[in-house]
Amino acid sequence: MTPITYAQQQLITRLCVRCGLLLMQYGAESAVVVDLSKRLGLALGMDSVECALSFNALTLTTIFNERCITTTRDTINQSINVNLLVQIQQIVNKTEATECSGDLVITTSQAFDELDRTVYPSWLVALFVGSSCATFAALHGDSSSIVAVTFIAGMVAMLTRIFLSKHHFNPFITVIITAFIASLIGATTYYFDIGNNADIAVASSVLLLVPSFPLINSLSDILKGYVNIGIGRAVFTYMLSLSACVGIVIALVLLQIRHWGF
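Take the sequence shown: its letter number 36 is residue 35 in numbering that gives the first Met the number 0, and every next letter is one higher.
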């Protein structure tokens with residue numbers, strides 16, 4: 000077994016916890032976070048790697064020749080980026096396929112530094128989100144005018160959400176404001192008597208706020224035994240849904256729309 004100094008073990012520990020943090024921040028489920036963090040540590044020469052997760056923190060311990068190093072890091076939720084998750088998995092796979100040596104830690108660290116964090120432009124994301132909302136309205140057989148209003152409402156709402164997220168607003172406040180703006184634009188169909196079913200415009204324009212990915216992750220975590228973080232993610236998801244409802248209600252009350260629904 001190649002001897003690993005305390006300083007080298009520290010570097011490996013930091014690299015493993017960095018891997019886990021990135022996975023948590025960009026939407027990976029708990030089982031993937033724990034699995035890849037452990038695999039990376041073992042590939043870099045550790046005897047064992049233990050990982051414990053909570054909703055907003057990660058605790059990781061590396062063990063080599065009965066010498067333990069433990070570190071804890073806070074995590075901050077970022078937007079979901081599946082491309083980044085795939086890149087991290089590829090780095091771990093490549094590390095496992097390479098013979099363990101002193102240079103491997105440096106090479107792996109450089110690979111994490113060179114992660115491609117490129118995202119689509121805001122206008123393009125908003126364009127496609129608006130199109131998806133409009134498509135949902137079109138599937139219900141509504142007129143082209145309702146579809147057009149839904150497209151504008153969804154696009155403006157997404158641009159608002161991206162703007163607020165970039166400026167680090169509280170996620171619940173961000174959702175409330177986004178839902179309010181989407182509902183406000185969609186509800187103009189009531190006042191200008193646009194189309195034959197104005198309710199569809201309001202309902203379709205807020206579809207971008209449905210937290211489907213986090214909800215799936217929370218259920219997956221609970222089913223795979225990560226009950227604590229699964230419940231935390233579920234509560235966060237339900238709070239996002241409640242915030243969207245608050246924004247919709249504020250818009251409808253402000254516009255004095257008393258009868259809304261199907």
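Ideal Cβ placement from N, Cα and C applies to all residues, glycine included.
Because the structure is a prediction, the values reported are computed rather than measured.
So, using beta-carbon positions, are G246 and I161 closer together than 8 Å? Against a cut-off of 8 Å, the Cβ pair of I161 and G246 comes out as no contact.
Same chain, Cβ closer than 8 Å to W122, neighbours up to 5 away in sequence not counted: L158, listed in sequence order.
For D220, three-class secondary structure by DSSP: D220 falls in the helix class under three-state DSSP.
Hey, is the region 106 to 123 in contact with the region 142 to 150, meaning 3+ C-beta pairs nearer than 8 Å? The count of Cβ pairs closer than 8 Å, one atom from the region 106 to 123 and one from the region 142 to 150, stays below three, leaving the stretches out of contact.
So, for A51: in the same chain, excluding its five sequence neighbours on each side, which residues have a beta-carbon less than 8 Å away from its beta-carbon? Residues of the same chain with a CB within less than 8 Å of the CB of A51, apart from the 5 flanking positions on each side, are L57, T58 and L59 in chain order.
Using the Cα positions of G185 and L208, report the straight-line distance between them to the nearest angstrom. For G185 and L208, the distance between alpha carbons rounds to 14 Å.
Which residue comes first and which comes last in the beta strand (DSSP E) that contains I193? From DSSP, I193 is part of no beta strand (DSSP E); its letter is neither H nor E.
Can V33 and T70 be called in contact, C-beta distance under 8 Å? Their beta carbons are not under 8 Å apart, which means V33 does not touch T70 by this criterion.
Is it the case that the region 128 to 144 contacts the region 96 to 106, given that we only count it when at least three CB pairs across the two stretches are under 8 Å? Output reads no: the region 128 to 144 does not touch the region 96 to 106.
Residue from E65, L21 and R66 with nearest C-alpha to I90: The shortest Cα separation from I90 among E65, L21 and R66 belongs to L21.
Pick out the complete alpha helix (DSSP H) segments inside the region 5 to 90, 4 residues or longer, and give them in chain order. Segments of the alpha helix (DSSP H) lying fully in the region 5 to 90: 5 to 24 and 29 to 42.
Does the beta-carbon distance from A233 to A178 come in below 8 Å? No, these two residues do not count as a Cβ contact at 8 Å.
Comparing C-alpha positions only, which one of I145, Y237 and L251 sits nearest to A197? Comparing Cα-Cα distances from A197 to each of I145, Y237 and L251, the minimum goes to I145.
Would a C-beta distance cut-off of 8 Å place K165 and A30 closer than the cut-off? No, these two residues do not count as a Cβ contact at 8 Å.
Collapsed DSSP secondary structure at L214 in the structure displayed: The answer is helix: DSSP assigns L214 an H, G or I state.
If you measure between the beta carbons of T264 and I87, is that distance less than 8 Å? With the chain covering only 0 through 261, there is no way to say anything about residue 264.
Mark Y225 as exposed unless 16 or more other C-beta atoms lie within 10 angstroms of its C-beta, in which case mark it buried. Buried, by the Cβ-count rule.
Between which two residues does the alpha helix (DSSP H) harbouring C244 extend? Residue range V226 to L253 is occupied by the alpha helix (DSSP H) that includes C244.
If you draw a straight line from the alpha carbon of S78 to that of P2, how long is it in whole angstroms? Rounded to whole angstroms, the separation of the alpha carbons of P2 and S78 is 40 Å.
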